[in-house]
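Heads up, the sequence shown stops at 456 in this note's numbering, and the numbers go up one at a time, no gaps. In what follows, a structure is listed as structure tokens, so that the remarks can point back to it.
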Amino acid sequence: MTDIIWFAIKTRICIIALQTISNGLIPDHDPEVFVSPHEDSSNDVWLPEVNWIVETLLGGFARWDAQYFLHIATHGYTYEQTLAFYPLFPFIVGFLARLIYTVCPIMSAYYYSLVIAVLLNILFFVKAAECLLELSLRLTGNKKWAQLVAILFCLNPASIFFSAPYSEALYSWLTFKVMLETSDNSASFTRLVVPLSLSLICRSNGLINLGYVIYFALKTLLSQSKKVNKMAIVVRFVLVTTVALTLYGITQLYFYYLYCSHHNIEHKPEVIKYAINNKYILSGIRSNGSSPWCDKDLPLSYSYIQNHYWDVGFLNYYQWKQIPQFILATPILVILLHFCCNYIQQHTRYCVYLGLMDNKISKKITVFEKQIFPFMLHGLFLALFCIFFVHIQVSTRLLASSSPLLYWYCANYFKDTGINSLEDIRDIIFLDKSEARRLILCYFVGYAFIGTK
């Protein structure tokens with residue numbers, strides 16, 4: 004486990020260093036995207052040099068959606084479109100940033116948020132790697148293979164998003180933890196309900212993690228074992244889902260309170276000015292016709308925000324100009340779909356019964372192949388959802404942070420190799436005779452490198 008921790012930390016240091024270098028050498032592409040309004044730079048308490056140092060070292064991470072997370076951490080949910088980004092990660096970052104700023108205000112809250120987000124993501128990434136290692140080891144009992152899986156996760160093609168102020172690293176940790184605990188019938192209520200509940204308020208696709216709780220509860224209830232206390236399973240299932248959905252519901256009520264009711268919220272001058280200049284909807288101020296999602300029978304903001312502000316919807320992204328984005332997303336989609344199609348083809352009968360009726364299924368299927376069915380189903384759903392609904396370039400980071408299938412599939416190609424260091428990876432890329440292994444590592448490392456700019 005210690006080896007994986009250090010390997011994960013080393014890869015994060017490499018990503019940070021590459022980001023710093025590329026951000027200094029390559030000019031930023033400056034499209035008309037959201038940029039969180041900064042506080043007045045004339046503040047006498049700050050040391051401008053400290054802000055400049057942080058911007059120089061970590062400024063490359065503060066791009067695209069990272070701006071939304073940093074804005075929420077610094078200012079809260081001031082603009083309606085920020086509701087697309089769930090609160091767990093930015094609230095943790097914002098709380099720590101304000102706490103440290105109160106004690107030591109040498110730089111702005113924005114830059115404190117940036118530093119804390121990057122540092123926290125190193126921690127979350129290491130914990131995610133540990134969880135994935137433990138999950139893989141539990142399912143197979145093969146320590147070497149489990150280590151390969153964790154190493155590939157540390158090199159994953161969406162690495163930049165696991166270090167930048169995004170929620171990917173935290174979500175991966177929580178999701179892998181849910182997978183780990185649901186695969187163990189002896190897991191305590193607390194060990195399961197905490198990661199599940201938090202994953203629901205970390206990312207929108209956290210709701211899908213409820214599927215693991217439902218599936219393993221059903222599988223246990225339908226098992227032939229007389230040792231299972233089925234009433235205890237039912238009670239635990241009801242309690243876990245109730246707590247998780249309650250926390251999710253509180254989050255949605257908070258969003259409703261911000262944008263669907265009239266109340267006074269004090270916004271900073273720079274926030275108000277930016278809203279006026281860009282015609283944004285501010286929290287606490289609802290005018291006629293604004294925020295139509297508030298009037299729905301079930302007033303959930305997420306789908307409306309995604310469609311209204313980013314045109315997310317069925318096949319909406321299928322445009323000629325987006326072909327390069329489809330090409331970039333192709334590798335991870337091909338890998339996952341190939342894995343899932345092979346599994347379904349080889350174990351059709353098991354899939355028809357959803358893996359719930361072991362007494363009706365051929366004994367040819369291995370224990371591991373039985374155990375990974377819900378993970379296959381989860382990965383297949385996410386891959387198809389990416390293809391038909393989301394902005395396709397999101398596929399790589401969404402799948403890399405949500406499903407272990409990518410790492411399990413690719414680890415099979417490295418069973419007869421030893422990867423323990425970055426030097427081993429270099430040797431495989433340049434010296435290994437296996438084209439498949441070279442392609443996999445070139446894909447992982449190449450995307451991780453390109454993503455730093």
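Glycine included, each C-beta is placed from N, C-alpha and C at the ideal position.
Among the options, which has the Cα closest to the Cα of residue i?
{"i": "I335", "options": "L359, L387 and F240", "result": "L387"}
{"i": "K418", "options": "E137, L136 and K146", "result": "K146"}
{"i": "E184", "options": "F219, L248, S170 and L155", "result": "F219"}
{"i": "Q322", "options": "F391, I211, S398 and V448", "result": "F391"}
{"i": "P40", "options": "H270, I154 and K222", "result": "H270"}
{"i": "Q396", "options": "Q328, S186, L442 and Y450", "result": "Q328"}
{"i": "Y82", "options": "I29, V129, S293 and L359", "result": "S293"}
{"i": "Y412", "options": "V57, I443, C389 and L248", "result": "I443"}
{"i": "T5", "options": "L91, F452, E137 and A172", "result": "E137"}
{"i": "A20", "options": "F64, F192 and K373", "result": "F64"}
{"i": "L213", "options": "I163, M234, F179 and N232", "result": "F179"}
{"i": "Y113", "options": "L73, Y320 and Y80", "result": "L73"}
{"i": "T135", "options": "L123, C157, I279 and L117", "result": "Before going further, note that residue 135 is Leu rather than Thr in the sequence given. Of L123, C157, I279 and L117, the residue nearest in Cα terms is C157."}
{"i": "D300", "options": "C263, H78 and L339", "result": "C263"}
{"i": "M379", "options": "V393, H394 and H350", "result": "H350"}
{"i": "E273", "options": "H266, N267 and N281", "result": "N281"}
{"i": "T23", "options": "F37, L50, V57 and S191", "result": "V57"}
{"i": "P93", "options": "V106, H78, V315 and C107", "result": "H78"}
{"i": "V118", "options": "N159, D298 and W55", "result": "W55"}
What residue range does the alpha helix (DSSP H) around residue i cover?
{"i": "K146", "result": "K146 to C157"}
{"i": "F378", "result": "F376 to F391"}
{"i": "A20", "result": "T5 to L28"}
{"i": "C107", "result": "Counting along the chain, C107 falls outside any alpha helix (DSSP H), and DSSP gives it neither H nor E."}
{"i": "W411", "result": "L408 to A414"}
{"i": "N319", "result": "Premise fails: N319 is in no alpha helix (DSSP H) and is neither H nor E."}
{"i": "G62", "result": "From DSSP, G62 is part of no alpha helix (DSSP H); its letter is neither H nor E."}
{"i": "A161", "result": "No alpha helix (DSSP H) contains A161, which DSSP labels as neither H nor E."}
{"i": "E171", "result": "E171 to T185"}
{"i": "S139", "result": "A112 to T143"}
{"i": "A220", "result": "L213 to L224"}
{"i": "R206", "result": "It is not in any alpha helix (DSSP H) - R206 carries neither H nor E in the DSSP assignment."}
{"i": "C445", "result": "E438 to I453"}
According to DSSP, simplified to helix, strand and coil, what is residue i?
{"i": "Y82", "result": "strand"}
{"i": "L357", "result": "coil"}
{"i": "L285", "result": "strand"}
{"i": "N232", "result": "coil"}
{"i": "I308", "result": "helix"}
{"i": "E35", "result": "coil"}
{"i": "L201", "result": "helix"}
{"i": "K324", "result": "helix"}
{"i": "F88", "result": "coil"}
{"i": "N267", "result": "coil"}
{"i": "T351", "result": "helix"}
{"i": "D419", "result": "coil"}
{"i": "P51", "result": "helix"}
{"i": "H394", "result": "coil"}
{"i": "P93", "result": "helix"}
{"i": "H41", "result": "coil"}
{"i": "T369", "result": "coil"}
{"i": "A167", "result": "coil"}
{"i": "P302", "result": "coil"}
{"i": "S404", "result": "helix"}
Quick test of your reading: residue i and residue j, contact by CB under 8 Å. State the CB separation rounded to the nearest angstrom.
{"i": "R400", "j": "A161", "result": "4 Å"}
{"i": "S186", "j": "R141", "result": "6 Å"}
{"i": "F371", "j": "T143", "result": "5 Å"}
{"i": "F127", "j": "A172", "result": "4 Å"}
{"i": "L408", "j": "L339", "result": "6 Å"}
{"i": "W2", "j": "H394", "result": "Within the shown structure, residues of the chain are numbered from 4 to 456, placing residue 2 beyond reach of any answer."}
{"i": "I368", "j": "Y353", "result": "6 Å"}
{"i": "S166", "j": "R66", "result": "Not confirmed; about 12 Å, so no contact."}
{"i": "A87", "j": "Y305", "result": "6 Å"}
{"i": "F447", "j": "L155", "result": "7 Å"}
Just to confirm before moving on: does the CB-CB distance between residue i and residue j stay below 7 Å?
{"i": "A414", "j": "W148", "result": "yes"}
{"i": "Y259", "j": "P302", "result": "yes"}
{"i": "Y115", "j": "I125", "result": "no"}
{"i": "L261", "j": "S286", "result": "yes"}
{"i": "S404", "j": "Y174", "result": "yes"}
{"i": "Y410", "j": "V152", "result": "yes"}
{"i": "A69", "j": "V96", "result": "no"}
{"i": "C343", "j": "L385", "result": "no"}
{"i": "Y71", "j": "T59", "result": "no"}
{"i": "Y169", "j": "L203", "result": "no"}
{"i": "E52", "j": "S111", "result": "no"}
{"i": "V196", "j": "V243", "result": "yes"}
{"i": "T223", "j": "I211", "result": "no"}
{"i": "I7", "j": "A132", "result": "yes"}
{"i": "S207", "j": "V246", "result": "no"}
{"i": "Y416", "j": "R440", "result": "yes"}
{"i": "C205", "j": "L123", "result": "no"}
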